[in-house]
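Undergrad: Let me give you the structure first, and then I'll get to my questions.
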Amino acid sequence: MKKQSNTTTERLLTYEEVCTVLKTSQATLRRYVKQGRFPAPVKPNPNGRAVRFRYQDVKAWLDKL
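Position 5 (the sequence shown) corresponds to 5 in UniProt numbering; numbering is contiguous.
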């Protein structure tokens with residue numbers, strides 16, 4: 001797990017890490033995000049291509065299940 005952010009230190013997860021936790025495929029996770037059924041990822045670097053999920057958002061989503 002990587003810790004990165006512009007303003008505060010927060011845990012950010014990759015698609016692979018979230019898929020491992022959810023025990024689902026990346027295609028399913030991407031579909032959930034597109035449908036609004038899962039929190040949207042954020043860009044740690046506004047000029048980069050990488051996206052990450054906030055740990056707090058993933059945990060809150062899991063707690064609602």
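For glycine and all other residues, C-beta sits at the position ideal for the given N, C-alpha and C.
Since this is a predicted model, take the numbers as computed values, not measurements.
For Gly48, count neighbouring Cβ atoms within 10 angstroms of its own Cβ and tell me buried if that reaches 16, exposed if not.
TA: To locate residue 48, count along the sequence shown from 1; it is residue 48. Label assigned to Gly48: exposed.
Undergrad: Can Arg54 and Leu12 be called in contact, C-beta distance under 8 Å?
TA: The residue given as residue 54 occupies position 54 in the sequence shown. The residue given as residue 12 occupies position 12 in the sequence shown. Yes. Within cutoff.
Undergrad: Just to confirm the assignment: which complete beta strand (DSSP E) runs, minimum length 3, are found wholly within the UniProt domain "Helix-turn-helix" (12-64)?
TA: none
Undergrad: Here's the rule I'm using: 16 or more other beta-carbon atoms within 10 Å means buried, otherwise exposed. How should Pro41 be labelled?
TA: As a first step, residue 41 is located in the sequence shown; it is residue number 41 there, counting from the start. So Pro41 counts as buried.
Undergrad: Under a Cβ-count criterion, where at least 16 other Cβ atoms within 10 Å of its own Cβ denotes burial, should Arg31 be classed as buried or exposed?
TA: Taking the sequence shown and counting its residues from 1, one reaches residue 31 at position 31. Exposed: under 16 other Cβ atoms inside 10 Å.
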